[in-house]
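According to my numbering, numbering within the sequence shown proceeds without interruption in unit steps and concludes at 82. All C-beta atoms in this analysis are idealised placements derived from N, C-alpha and C, irrespective of residue type, glycine included. Okay, structure first, notes after.
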Amino acid sequence: MNEVDAAPELPDDMLIDRIRFPARIRNALNEAGVKTVGEIREAPDRALLSLQNLGKGSLSYLRKTLGRRVRLPLRPARRPD
């Protein structure tokens, strides 16, 4: 199985086992049962920081390399005046 580098364009359903992460990050995610890129993107910073051996530097790396899912609030369409 070939590993790929972490990147923002990876799909949410990509298994983290297929991604090349630093050992500390890989171990922390595996111990926490995180399986996919989407789980990382959806997790609040506080939840990721609560993982053993995953600190601010690791969180910064994950956010920079994988991005974060942004959910836009639903707004009603504006009618032209």
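- In terms of CA proximity to arginine 19, Glu4 leads the group Arg25, Leu55, Asn54, Glu4.
- Put simply, the backbone Cα of aspartate 6 is about 12 Å away from that of tyrosine 62.
- Among the bridge pairs identified by DSSP, arginine 21 is matched with Asp6.
- Within the same chain, Val5, Ile20, Val38, Leu67 come within 8 Å of leucine 11 by CB-CB distance, once the 5 residues on both sides are set aside.
- Beta bridge pairing from DSSP links threonine 66 with no other residue.
- Alanine 44 sits buried, since 16 or more C-beta atoms from the chains shown fall within 10 Å of its C-beta.
- Leucine 30 and isoleucine 17 have their C-alpha atoms roughly 8 Å apart.
- Assigned with DSSP and collapsed to three states, leucine 11 falls in coil, not helix or strand.
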